[in-house]
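Using the UniProt record's numbering, read the sequence shown as starting at 1 and increasing by one per residue. Just so it is clear, CB atoms sit at the ideal spot from N, CA and C, and this is done for glycine as well. Please read these numbers as outputs of a predicted model, since none were measured by experiment. Following: one structure in structure tokens, then a few remarks.
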Amino acid sequence: MTSLIAEPSLLALDISEFVPHRAPMILIDNLLEHQPDTLLTAIHISQSSAYFDSVISGVPNYVGIEYMAQSIAALAGVEAKLVGDKVRVGFLLGSRKLQMHIDHFELGQTYHIKVSRLYQEPSGLAVFDCHIYHQDQVVASANVNVFQPQDTQAYINDNQLEHSASK
């Protein structure tokens, strides 16, 4: 967490600079605005969008949770870049208060995702308030729980050891 604010030139970098994903699994298109603990991103639905379904002429609404999660990852990436740290992997743990007000994200439409950190523990466990907007109207919202360990590989190794020991 930092109180620095990203300049537009930083936000204009390719999304892959901020999230530990690679195409075609990068689902958000643009970083629009950063404030401490908050990021606004955008997606534009096209026929080449991941999970595009020609039957519904859009992307199913359940993909919205991943739009939220990748926006949270992008916020962590922006914050890491601002302090000269590396972009790290995080884990989506779950959500509460998930509400979807649309059946799908429509072809040709642009949606904005706003994620705001509500709480974060030193361990890396955090809760975010997330909203997806279409033309200033909320179309999806949730509180999203995430975990970002300081050392991802050590965390994975420790959990594999614990799992092996419990067998």
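>> What does the Cβ neighbour count give for Ile5, buried or exposed, with the cut at 16 atoms within 10 Å?
In response: exposed
> In the structure shown, what three-state DSSP assignment does Val89 receive?
Replying inline: coil
>> My parser needs the alpha helix (DSSP H) runs of 4 or more residues fully inside the region 4-67; what are they?
In response: 8-11
> Can the beta-carbon of Arg88 be found less than 7 Å from the beta-carbon of Gln148?
Replying inline: For the pair Arg88 and Gln148, the CB atoms are nearer than the 7 Å cut-off.
> Expressed to the nearest angstrom, what Euclidean distance is found between the alpha-carbon atoms of Ile28 and Gln70?
Replying inline: 7 Å
>> Let me confirm a value: Ala23 is counted as buried when at least 16 other C-beta atoms fall within 10 Å, else exposed. Which label applies?
In response: exposed
> Using 8 Å as the threshold, is the region 72-91 in touch with the region 52-60, meaning 3 or more CB pairs across them?
Replying inline: no
>> What does the alpha-carbon distance come out to for the pair Pro20 and Leu75?
In response: 12 Å
>> To the nearest angstrom, how far is the alpha carbon of Asn61 from that of Ile102?
In response: 7 Å
>> From the DSSP secondary-structure annotation, give me the bridge partner or partners of Gly94.
In response: Asn145
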